[in-house]
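Protein sequence lines, in the order shown, are assigned to chains A and B.
The numbering used here puts the first residue of the first sequence at 1, with every later residue one more than the last.
The numbering used here puts the first residue of the second sequence at 1001, with every later residue one more than the last.
Some notes on the structure that comes next.
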Amino acid sequence: MSHLELTGLSKSFGTTKVLNDVSLSVRNGEFLTLVGASGCGKSTILRVIAGLEPQDSGTVQIGGRGVDHLRPKQRKVAMVFQSYALYPHMSVAENMSMPLVMQRLNLAERLPLIGRLSANCRRVMTEIAAEVDAVAKQLQIEALLTRKPAQLSGGQRQRVALGRSMVRHPDVFLMDEPLSNLDAKLRVHMRAELTDLHRRLGVTFIYVTHDQVEAMTMSDRVALMDEGRIVQLGTPSDLYHNPSDLRVARFIGSPQINIVSGTTTAQGILVGEALLPIAVSSPAGQVVSVGLRPEALSLDPVAGQPNLAARLTRVENLGAELFLHFVLQESGAPLVLRATLQDYERHKARLNSPVALGVECARALVFDAAGHRVDQASRAALRLEVPA
Amino acid sequence: MTVALKIGRVSASRNAQLRAEAAAGYAFVTPALILIMVLLIAPIVVVLLLSLTDYQLGALEWSWVGLANYSDMLGDRIFLRSLGNTFIYVAIVVPGSVVLGLLVAILVQERTKSKAIYQTIFFLPVTTTLIAMSVVWHFLLNPSLGPITSLTRALGLGEFDVFGDPDLVLVGLAVIGIWQLVGFNMILFLAGLTAIPRDLYDAADIDGADGAWDRFARVTWPMLGPTTLFVVVTTTITAFRVFDTVAVITRGNPQGRSDVLLYTLYKVGFQDFNMGPASAMTIAFLVFVLVIALAQAFLIDRRTHY
């Protein structure tokens, strides 16, 4: 069942088109990540969903009802901001109570001191305190409830911001780069916690990030955005192994995909003097980009495998695996190869002089000059050959 | 043995270096210290000493009178009246100019294109000379010639002799004081408003605090705490120093109802040439200002910074 439905969203700031006809449907309970470079419009989508920014055209539906005319508080969404946006003058408990106080007390009851005179207000405040306590326990911040945000570390503030969004039991969680202000170690830790939280709560998460690792590791599906459009929407694995566009191939994956340029011929693609037997849908004589993931290259090509002559320039040792940086002999284009430690040790002696790197053509991704994928035909065929 | 000697020599040269550094440090500090002494501390000390004498401006002889000037001052009806008037004036000007300054700042902040124009208009009174503007206000509120009087007369409200009415005179002066301070306070509040992160308003929108009152009470006002404190303190000190309008428009009249601290001080010192009592009043004035400044520095400052 589609839970959040965006149809034809467009938005401009002045003459700058930030969102260009974006449509997206998100399943109930899905963890969907919007990823892209800064300025691609991903945060604007979030703000439009939240109702903080009106769209120029298009509609937003949550749980089957249109919410375009509703104010943010009526949309049953919660948002976690990159800056956390905690109220600095309120304690953690007050910060977390805020949405409930605004929801359950009327204007008179919210007045300081005077409100306390009403029995209803006292009863509701007790209820709220209990609910805040329960959420704080879940997030293990119950010891911090009396502190002010300034007295908290970045990770603790992050939890408080999460807590504030959780107390209302929203239908949709919107997260705007929530981890980007944390240090690297904590970010890895919070990644796991957020995924865990998503599983526990079972509600829809829309997560915005510029970090492709976050997108890959946390999401059910990822929408990669560029220039106000969704370039590709798919599972993390889809985006990595089967990108539809050169921009996707470049954005996803670390280290970045290797791009070498080649020319189409009737027999395949000519890269320098090497012929890669890949069938493409473009006519012969076209210049194309061949994308090779670091694991699609090998140090010891098997007999008959097409290979590229390259010279080693640098070794990055990550312990269990190594990234070997080469340059192509012919064009000087850089190539990165992912190797195991054993592979590297075995071939180390040879690497002082230029070597032939084997290319696994089945994993090559070919893009035309416009960046569109043109080798789908061959991939479809390959899939048939390899039994699951 | 040689090792011990070496250590001794090293530490001796180390000590010499430390002494040289200390000397250099004092040398750098000295000019500033002298300037502070001569320009800030010395005048206060002189006034303090004068307040213990019966010195008359231009007199050749004087003698120490101890604390007599202070005890006279505390029993002096005119001094106490002017002190009371000053407090009333401060009590009107501070809330008036702070609240209006905040209100104007919030209204101006929300303009986009006309923001600069409104800012300039409201700031204009700050840039004018209060002495000159006092003359203008005096004319505007003149009971026989003033346009404001003509207006109230035309509206059937009768005539107001603001500066001649013992009950209205302080209010009239306070209005001028507010008129002059609103623009300045507006600028300070605008700076404070600009510093409030937009995210907080977004969060407030999502949390349901999206009405004008809730946004103000839950975000704007608490976030302006440090600014407000600063504005209140500067406004209080400025209001405490009221002099120009009184000297130009009312000269303490009618019936001494607009006598204020600095104007009385001026009369005692520079019309009656009694420097001793005038110095005692100056010290009293300084004590009040100091108390306000200290209150800011030690008491409230800690509570409004996050």
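Backbone N, C-alpha and C define an ideal beta-carbon position, used for all residues, glycine too.
Bear in mind that the values here come from a model prediction, so they are computed numbers and not experimental data.
In terms of Cα proximity to Leu1261/B, the closest of Met1281/B, Phe1270/B, Met1275/B and Pro1254/B is Met1281/B. Between Val222/A and Asp245/A, the gap from beta carbon to beta carbon reaches 7 angstroms or more. Distances from the alpha-carbon of Glu1110/B to those of Pro1043/B, Ala1091/B and Ala1212/B put Ala1212/B closest.
Take the alpha-carbon of Leu24/A and the one of Asn242/A: they are about 20 angstroms apart. Met1037/B counts as exposed, since fewer than 16 other beta carbons sit within 10 angstroms of its beta carbon. Asp68/A is classed as exposed because its beta carbon has fewer than 16 other beta carbons within 10 Å across all chains shown. Listed as beta-bridge partners of Ala310/A by DSSP are Leu328/A and Val355/A. Glu1021/B and Ala1032/B have their C-alpha atoms some 18 angstroms from each other. The alpha-carbon of Ala85/A is positioned some 10 angstroms away from that of Met79/A. In the structure shown, Asn106/A falls within a coil segment according to DSSP collapsed to helix, strand and coil. In this structure, the beta-carbon distance from Pro1147/B to Asp1161/B does not fall below 7 angstroms.
DSSP places Asp176/A inside the beta strand (DSSP E), whose first and last residues are Val172 to Asp176. Going by beta carbons, Leu308/A and Leu357/A fall inside the 7 angstroms limit.
Apart from sequence neighbours up to five positions away, the residues of its chain that approach Gly29/A with a beta-carbon distance below 7 angstroms are Gly202, Val203 and Thr204, ordered along the chain.
By a beta-carbon distance limit of 8 angstroms, Leu1188/B does not contact Val1093/B. Their separation comes to about 15 angstroms. As computed with DSSP, Glu1021/B is found in no beta bridge at all. Just so you know, the alpha carbons of His189/A and Ala284/A end up roughly 50 angstroms apart.
When Cβ-Cβ separations below 7 angstroms define contact, Met98/A makes contact with chain B. Collapsing the DSSP output to three states places Asn1142/B in coil. Distances from the alpha-carbon of Thr1086/B to those of Ala1204/B, Thr1228/B and Leu1170/B put Leu1170/B closest. Boundaries of the alpha helix (DSSP H) harbouring Asp1207/B: Arg1198 to Asp1207, taken from the DSSP string. Boundaries of the alpha helix (DSSP H) harbouring Pro1125/B: Lys1115 to Thr1127, taken from the DSSP string.
Counting of Cβ neighbours within 10 angstroms places Arg247/A among the buried residues, the total reaching 16 or more. Note on Asp1207/B: 16 or more other CB atoms within 10 angstroms of its CB, so buried under the neighbour-count rule.
Under DSSP, Val35/A takes part in a beta bridge, and its partners are Thr209/A and Leu224/A. If you check the CB distance, Val48/A and Gly228/A do not come in under 7 angstroms. Residue-level contact check: Arg71/A touches chain B, since one or more beta carbons of chain B fall below 7 angstroms from its beta carbon. The C-alpha of Val290/A lies about 6 angstroms from the C-alpha of Leu365/A.
Within the stretch 1194–1209 of chain B, Pro1197, Asp1199, Leu1200, Asp1202, Ala1203, Asp1205, Ile1206, Asp1207, Gly1208 and Ala1209 place their CB atoms closer than 7 angstroms to a CB of chain A, listed in sequence order.
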